[in-house]
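A quick write-up on the structure given underneath.
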Amino acid sequence: MKPILYKADPSPPARAVMMVIDILGLDVEQRTLNPVLREQDVPELKKKNPMRTIPILDEGDFWLADSHAIMIYLLDKYGKPEHSSLYPTDSRKRATVHQRLFFDCGVLFQRLRAVMAPTYMGRLEEMSKSMVRNIVDAYSMLEDYLSENLYMADNVITIADLSIVSTMATLVELVPIDEKRFPKLKQWYKNMSDKDYCKRINIPGGKEHADGLIALMKFNKSNKKSKL
Ligand SMILES: N[C@@H](CCC(=O)N[C@@H](CS)C(=O)NCC(=O)O)C(=O)O
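Here it is, written out as structure tokens:
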């Protein structure tokens, strides 16, 4: 069977996998789910991914969740020699790519998730100062990573960049990058955004995601007022 990717265009981790699929030129059926409506909670998908998150890759007799794990798997399985720089074989370079992927998974995306979860639950009316502070703090970590290399893990684009830029495409719409404080991050984001796959897949999805969050915060605010 043709592999299936369960995804949503606004979802940062789904976009990261969609960019990898695009770069590798893979024939994957992409099925859209709405995670806000919890369409991923149906028993068939819960069995495939008890975390009840998207993206999920389904190859029929093998399922995989978590964008970072999926990206590594796709590169391992389908990467051709021309894709080797995306996931380098040198142990130290590869370890650095892994660290940046874990950074996206455990730090950067979590700071966005801290905004997403209460917004979707109808509780958040605007981002708190500490939410913004935590996001800016993560930008400063990214700026430091970029003092070592041109890209997040190497002097060339790796899957770490694809992962981080998918989260950043939503974040920059909520908390713009201050060019004076973070010149390298601003330049990196511009370089990544100029890539064709980013223009087609990442930027529109990031905007849709952030616009949806902002609209929902406004709705939460007016909803609260009307209940007073
Ligand atoms: N670490 C996961 C995070 C996936 C994730 O949280 N996806 C969101 C959509 S952007 C989701 O499905 N949320 C539903 C939930 O957390 O219950 C990955 O990289 O795939």
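If you read the sequence shown in our numbering, its first letter stands for residue 961, the second for the next number, and so on.
Ideal Cβ placement from N, Cα and C applies to all residues, glycine included.
Source: prediction; values computed, not measured.
Give the range of the beta strand (DSSP E) segment to which residue i is assigned.
i, result
"Gln990", "989–992"
"Leu986", "Run containing Leu986: none; DSSP gives neither H nor E here."
"Ile1137", "Counting along the chain, Ile1137 falls outside any beta strand (DSSP E), and DSSP gives it neither H nor E."
"Leu1046", "Unbroken run through Leu1046: none, as it is neither H nor E."
"Leu1024", "1023–1025"
With respect to 7 angstroms, is the separation between the Cβ of residue i and the closest non-hydrogen atom of ligand 1 below this value?
i, result
"Asp969", "no"
"Ser1126", "no"
"Thr1056", "no"
"Gln1000", "yes"
"Pro972", "yes"
"Thr1013", "yes"
"His1043", "no"
"Phe1069", "yes"
"Asp1121", "no"
"Asp1026", "yes"
"Pro1010", "no"
"Pro995", "yes"
For residue i, does the three-state DSSP call read helix, strand or coil?
i, result
"Leu1084", "coil"
"Tyr966", "strand"
"Leu1106", "coil"
"Ile954", "There is simply no residue 954 to check, as the chain begins at 961 and stops at 1188 in what is shown."
"Ile1095", "helix"
"Asp1018", "strand"
"Gly1172", "helix"
"Thr1013", "coil"
"Ser1126", "helix"
"Ser1090", "helix"
"Gly1165", "helix"
"Met961", "coil"
"Lys1184", "helix"
"Gly1039", "coil"
"Ser971", "coil"
"Met1112", "coil"
Measure the beta-carbon distance from residue i to residue j and round it to whole angstroms, keeping in mind my assumption that it falls under 8 angstroms.
i, j, result
"Leu1024", "Val988", "Not really, about 12 angstroms apart at Cβ, beyond 8 angstroms."
"Tyr1080", "Val1132", "No, Tyr1080 and Val1132 are not in contact; Cβ-Cβ is about 20 angstroms, not under 8 angstroms."
"Thr1204", "Ala1113", "Here the chain comprises residues numbered 961 to 1188, so residue 1204 is not present and cannot be evaluated."
"Phe1142", "Tyr1099", "5 angstroms"
Where do the N-terminal and C-terminal ends of the alpha helix (DSSP H) with residue i fall, by residue?
i, result
"Gln1000", "Segment: none, Gln1000 is in no alpha helix (DSSP H) and carries neither H nor E."
"Ser1153", "1143–1153"
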